[in-house]
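K.L.:
Structure incoming, see below.
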């Protein structure tokens, strides 16, 4: 009996120790996961230490993986998707549901890249035009919740620094969602500001931008984007604010920099696109040229019969099955040939019928001959 009691005590102690070790491992893993995730606090800390912050846009799973593996601090799923992904002339047409779709795809890319070493980027969702500007700030909060709950973002970004916009920021932050502000050139407001124009080039307007940035900080924004403003103005705003600033076309005096994925990598490298790449964007690659060369090479290989060839035709029958298949083909060879001839006649007749342009198309050579 004493032996059973001692055995039971030892077993209990062993199980208790094992459970404590598991809890410690779980706690360490959670702490490791949390510490490796970029956050509003870690970004503010970087500013105080004088370390620059990096931010790049991403719009889909592959770009999310690439940006995360590069060790970028912040991934912004920008409403610029409307222009670089959808082909619109402005950012205004993109909808809330479309932005959520893009955020979901990028989120999966970040999760995939998180399996490797390094810090997981902070994911920001750009709230699109028409999703937060209402006097009823509950609308903005509900839409911000959708970004968090449906797309898994860490924060949202909204444009503008007016008093009404500051109230919106305060409402969203008060509801538990982190907000990144954005002043200077605010692309969603191009109908008001008269196009994609630099901002803050007069003393009075520069002072207004400083006041807007302060207003956003006081409302609870953890960071402010400064777009297309003079470098001295951006530097002054950065020095005044406690929270970090991210510049785009705003000089090197900001806490960090952001560029659009497609622009910085030359994804659309052709003369038309080159004319519209912003002056402030440095091209770090010319991927568009490589893509175009690859597509043209594929076209030539297919048309010449080089591709796929035996090298890229890996699936084969064994000799026995190949012979059996050939015998099966012989049993209805004549029937298949007749079917082929019938279909060929129909297609040929349809082709000739179209060439006569009987459906109201431009007159062709056949009609002129008549």
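Numbering (the working numbering), first residue to last: 183 to 552.
Cβ atoms here follow ideal geometry from the backbone N, Cα and C, with glycine treated the same way.
Nothing here was measured: the structure is a model prediction, and the numbers come from that model.
1) Can you name, in chain order, every residue of its own chain whose Cβ lies under 7 angstroms from the Cβ of residue 419, other than the five neighbours on each side?
2) Quickly, what does DSSP pair residue 219 with across the bridge? List them, please.
3) Indicate the three-state DSSP secondary structure (helix, strand or coil) for residue 294 in the structure shown.
4) Starting from residue 420 and walking both ways along the alpha helix (DSSP H), at which residues does that stretch end?
5) Return the residue from the list 262, 252, 498 that minimises the CA-CA distance to residue 241.
6) So residue 388 and residue 415 are supposed to be a Cβ contact under 8 angstroms. How far apart are they, rounded?
7) State whether the stretch 301-313 contacts the stretch 247-257, with contact taken as three or more CB pairs (one from each stretch) at a distance under 8 angstroms.
8) Which value, in whole angstroms, describes the spacing of the CA atoms of residue 483 and residue 504?
9) So, with DSSP's three-state summary, where would you put residue 524?
10) Would you call the stretch 268-282 and the stretch 228-236 touching, i.e. three or more CB-CB distances under 8 angstroms?
11) Note the first and the last residue of the continuous alpha helix (DSSP H) segment covering residue 484.
12) Could you check the C-alpha separation between residue 363 and residue 354 for me, to the nearest Å?
13) Going by DSSP, which residues form a beta bridge with residue 510?
14) How far does the alpha helix (DSSP H) with residue 249 in it reach, from first residue to last?
15) Just to confirm my understanding: we take residue 466, look at its own chain, exclude 5 residues before and 5 after, and list those with CB closer than 6 angstroms. What are they?
16) Give the DSSP-derived three-state secondary structure of residue 235 in the structure shown.
17) Could you name the residues that DSSP lists as bridge partners for residue 364?
18) Tell me where the beta strand (DSSP E) around residue 436 begins and ends.
19) Around the C-beta of residue 525, are 16 or more other C-beta atoms found within 10 angstroms, so that it is buried, or is it exposed?
20) Near residue 209, what residues of its chain come up, given a Cβ to Cβ distance below 7 angstroms and the 5 sequence neighbours on each side ignored?
21) I believe residue 412 touches residue 383 by the beta-carbon criterion, under 8 angstroms. Please report the beta-carbon distance rounded to the nearest angstrom.
22) Quick check on residue 335: does DSSP put it in helix, strand or coil?
23) Looking at the strands, I want to know which residues DSSP matches up with residue 256.
24) Got a sec? Which residues, its chain only, sit under 8 angstroms from residue 423 by beta carbon, not counting five neighbours each side?
25) Spatial neighbours of residue 533 within its chain, please: CB distance less than 6 angstroms, with the 5 preceding and 5 following residues excluded, ordered by chain position.
26) Give me, in chain order, the residues of the same chain whose beta-carbon lies closer than 6 angstroms to that of residue 216; leave out the 5 immediate sequence neighbours on both sides.
27) Whose CA, out of 244, 243, 239, 250, lies closest to the CA of residue 220?
28) Looking at residue 430: is its Cβ nearer than 8 angstroms to the Cβ of residue 462?
29) Mind checking residue 325: buried by the 16 CB within 10 Å criterion, or exposed?
30) Helix, strand or coil for residue 447? Go by DSSP, reduced to three states.
31) Report the rounded CA-to-CA distance for residue 206 versus residue 322, giving the unit in angstroms.
32) Taking Cβ positions, are residue 246 and residue 291 nearer each other than 8 angstroms?
33) Select from 248, 270, 512, 313 the residue whose C-alpha is nearest the C-alpha of residue 296.
34) Quick one: give me the first and last residue of the alpha helix (DSSP H) that residue 346 is part of.
35) Could you have a look at residue 340 and say whether DSSP puts it in helix, strand or coil?
36) Using C-beta distances below 6 angstroms, list every residue in its chain close to residue 340, excluding the 5 sequence neighbours before and after it, in chain order.
P.N.:
Working from what's here:
1) One-based indexing of the chain shown puts residue 419 at position 237. Short of 7 angstroms from the beta carbon of residue 419, and not among the five residues preceding or following it, lie these beta carbons of its own chain, in chain order: 391, 392, 395, 408, 427.
2) Counting from 1 along the chain shown, the entry for residue 219 is found at position 37. 302, per the DSSP bridge assignment.
3) What you label residue 294 is simply residue 112 of the chain shown in a count that begins at 1. If DSSP states are grouped into helix, strand and coil, residue 294 belongs with the helices.
4) Translated into the one-based positions of the chain shown, residue 420 becomes position 238. Start and end: 413-422.
5) Position 59 of the chain shown, counted from the first residue, corresponds to residue 241. Selected option, being the one with the closest Cα: 262.
6) Taking the first residue of the chain shown as 1, we reach residue 388 at position 206. Taking the first residue of the chain shown as 1, we reach residue 415 at position 233. With a contact defined as Cβ atoms closer than 8 angstroms, residue 388 and residue 415 qualify at about 4 angstroms.
7) Two segments are said to touch when three or more pairs of C-beta atoms, one from each, lie closer than 8 angstroms; by this definition the stretch 301-313 touches the stretch 247-257.
8) Here residue 483 corresponds to residue number 301 of the chain shown, with the count starting at 1. Here residue 504 corresponds to residue number 322 of the chain shown, with the count starting at 1. If I take the Cα positions, the gap works out to 28 angstroms.
9) Position 342 of the chain shown, counting from 1, holds the residue named residue 524. Helix, per DSSP.
10) no
11) What you label residue 484 is simply residue 302 of the chain shown in a count that begins at 1. Per DSSP, the unbroken alpha helix (DSSP H) holding residue 484 starts and ends at 469-486.
12) Residue mapping note: residue 363 aligns to position 181 of the chain shown, counting from 1. Residue mapping note: residue 354 aligns to position 172 of the chain shown, counting from 1. So the two alpha carbons sit approximately 12 angstroms from each other.
13) Locating residue 510 in the chain shown gives position 328, counting from the first residue. DSSP output for residue 510 lists no bridge partner at all.
14) Counting from 1 along the chain shown, the entry for residue 249 is found at position 67. First-last of the alpha helix (DSSP H) with residue 249: 243-251.
15) Counting from one through the chain shown, the residue named residue 466 turns up at place 284. Here the set comprises 446.
16) As a position in the chain shown, residue 235 is number 53, starting the count at 1. If DSSP states are grouped into helix, strand and coil, residue 235 belongs with the strands.
17) As a working mapping, residue 364 is identified with position 182 in the chain shown. For residue 364, the beta-bridge partners assigned by DSSP are 407.
18) For the purposes of this step, residue 436 is identified with residue 254 of the chain shown, where counting begins at 1. Per DSSP, residue 436 belongs to no beta strand (DSSP E) and is neither H nor E.
19) Taking the first residue of the chain shown as position 1, residue 525 is located at position 343. Under this definition residue 525 is an exposed residue.
20) Walking along the chain shown from the start, residue 209 turns up at place 27. Residue confidence for residue 209 is low, a pLDDT of 39 falling below 50, so the modelled location carries little weight and cannot support an answer.
21) On the chain shown, position 230 is the one that residue 412 refers to. On the chain shown, position 201 is the one that residue 383 refers to. That belief holds up - the Cβ atoms of residue 412 and residue 383 are roughly 6 angstroms apart, short of 8 angstroms.
22) Translated into positions along the chain shown, residue 335 becomes position 153. Coil at residue 335, not helix or strand.
23) Residue numbering aside, residue 256 sits at position 74 when the chain shown is read from its first letter. Residue 256 is bridged to 237, 304.
24) What you label residue 423 is simply residue 241 of the chain shown in a count that begins at 1. The answer, listed in chain order, is 395, 396, 399, 406.
25) Numbered from 1 along the chain shown, position 351 holds the residue referred to as residue 533. Taking residue 533 as the centre and dropping the five residues before and after it, the same chain places no C-beta closer than 6 angstroms to its C-beta.
26) Translated into the one-based positions of the chain shown, residue 216 becomes position 34. Because the pLDDT of residue 216 is 41, which lies under 50, any placement of that residue in the model is unreliable, and the number read from its coordinates should be weighed accordingly. By the criterion of a C-beta distance shorter than 6 angstroms, residue 216 is surrounded by no residue of its chain, once the five residues flanking it on both sides are discounted.
27) The count along the chain shown starts at 1 and reaches residue 220 at position 38. Cα-wise, what sits closest to residue 220 is 250.
28) Taking the chain shown and counting its residues from 1, the one referred to as residue 430 is at position 248. Taking the chain shown and counting its residues from 1, the one referred to as residue 462 is at position 280. Yes, these two residues count as a Cβ contact at 8 angstroms.
29) Along the chain shown, read from residue 1 onward, the residue named residue 325 stands at position 143. Per the 10 Å Cβ criterion, buried.
30) The count along the chain shown starts at 1 and reaches residue 447 at position 265. Residue 447: coil per DSSP, three-state reduction.
31) Residue numbering aside, residue 206 sits at position 24 when the chain shown is read from its first letter. Residue numbering aside, residue 322 sits at position 140 when the chain shown is read from its first letter. Because residue 206 carries a pLDDT of 43, less than 50, the predicted location of this residue cannot be relied on, and the following value inherits that uncertainty. Their Cα atoms are separated by approximately 41 angstroms.
32) What you label residue 246 is simply residue 64 of the chain shown in a count that begins at 1. What you label residue 291 is simply residue 109 of the chain shown in a count that begins at 1. Yes, the pair counts as a contact, with Cβ atoms nearer than the cut-off.
33) What you label residue 296 is simply residue 114 of the chain shown in a count that begins at 1. Checked all of 248, 270, 512, 313; the closest Cα to residue 296 is 248.
34) Taking the first residue of the chain shown as 1, we reach residue 346 at position 164. That run of the alpha helix (DSSP H) goes 345-356.
35) Numbered from 1 along the chain shown, position 158 holds the residue referred to as residue 340. Residue 340 falls in the coil class under three-state DSSP.
36) Position 158 of the chain shown holds residue 340. Cβ neighbours of residue 340 beyond the five flanking positions: 309, 314.
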